[in-house]
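Chemist: What follows is a single structure, and I will ask about it in a moment.
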DNA sequence: CACCATGTTCCTTG
DNA sequence: CCAAGGAACATGGT
């Protein structure tokens, strides 16, 4: 459940549920997701600690915790990778197949499961410190974006995935933002004109904001029921027929007509990732 | 069997 | 030192 909007919606969902809850037990099923933190280190730090809050930075979740003893506040850093999920479920309920870390909070468990184990739940904060500006914060300006783009000759689509450029844009919303801005994904970053950079800046914010809005209308109570959850950027899905509508204009729409000009959407591979675009609307 | 998948990091090459 | 490219990570769906 990966890009910024999905993480934002998850954070809003979990924050009130975790507030003031105390961690009674720590169970690490996949030590790999803690690295470089060790299972013992995590256990010692988290046992008896209480959740003070939960925020987001880029695609990362930041859990604020207060450990036992005085002056013992610290952060726990989460990242969902490609397939990570985090949710609460009754402690008596059986654990999912790919449970990576389980925190017992009284009668409920906080579950971090991850089918591919690309995500993280760690005490190491370095990766967060290296992130670029938050897309909705004031530091993210067209000028700052233009300067960052000017230093690279890589295709602008590839550059948008660089979390130092702007934090939180992933493969799906990079394609969507470029479509909205009318810029070809192949364009070398330093050749994007200033007026286009301005359009791109607006497009990034618009695409993310709309996705958050759409995602906020979808229930995230997946701890209690079946397998699937709200990959809410996909249109019709997951047994909820007309609740979801089509939300993406180019991503995963190979061959479908562009809804602006009717030209079939194309796919290309850049830096080993799929890019979708309209060859007529994006130059 | 082949190819695809929402992400990040590490290694190599130029 | 830097930018760019590609593989690796691990599992499952089609």
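In my numbering, the protein residues as written are -19 to 263. Think of the CB as a built atom: it goes at the ideal place given N, C-alpha and C, for glycine as much as any other residue.
1) Per DSSP, residue 82 is paired with what?
2) Helix or strand or just coil, what does DSSP make of residue 56?
3) For residue 231, name the three-state secondary structure that DSSP assigns.
4) In three-state DSSP terms, what is residue 18?
5) Let me check one thing: in DSSP terms, what residues is residue 265 bridge-paired to?
6) For residue 103 and residue 195, what's the separation of their Cα atoms in angstroms?
7) Could you tell me which of 78, 99, 72 and 149 sits nearest to residue 89, measuring between CA atoms?
8) Quick one: what's got a C-beta closer than 6 Å to residue 164's C-beta in the same chain, skipping five residues either side?
9) If you drop the 5 nearest sequence neighbours on each side, which residues of the same chain put their C-beta closer than 7 Å to that of residue -5?
10) What number of angstroms, rounded off, separates the C-alpha of residue 265 from the C-alpha of residue 168?
11) From residue 81 to residue 9, what distance separates their C-alpha atoms?
12) Here's the rule I'm using: 16 or more other beta-carbon atoms within 10 Å means buried, otherwise exposed. How should residue 209 be labelled?
13) Should residue 244 be labelled buried (16 or more other beta-carbon atoms within 10 Å of its own) or exposed?
14) Taking the beta strand (DSSP E) that residue 169 belongs to, which residues open and close that run?
15) Cutting at 6 Å between CB atoms, please list the residues of its own chain near residue 125, excluding the five before and the five after it.
16) Tell me the rounded alpha-carbon separation between residue 21 and residue 86.
17) Once you ignore the five residues that flank residue 70 on each side, which residues in its own chain have a CB closer than 7 Å to its CB?
18) Whose C-beta lies closer than 6 Å to the C-beta of residue 219 among residues of the same chain, with five residues either side of it excluded?
Modeler: For this structure:
1) 7 and 91
2) strand
3) coil
4) coil
5) Since the first and last residues shown for the chain are -19 and 263, residue 265 lies out of range.
6) 28 Å
7) 72
8) The residues are 262 and 263.
9) 33 and 34
10) It is not possible to answer for residue 265, since the shown part of the chain is limited to -19 through 263.
11) 6 Å
12) Annotation note: pLDDT 44 at residue 209 (below 50); position unreliable, coordinate value reported separately. Buried is the call here.
13) exposed
14) Element bounds for residue 169: n/a, residue is neither H nor E.
15) 177 and 181
16) Cα atoms of residue 21 and residue 86: separation of roughly 21 Å, rounded to the nearest angstrom.
17) 87 and 88
18) Only weak support is given to the placement of residue 219: the predicted model assigns it a pLDDT of 40, under 50, and the question is left unresolved by the model.
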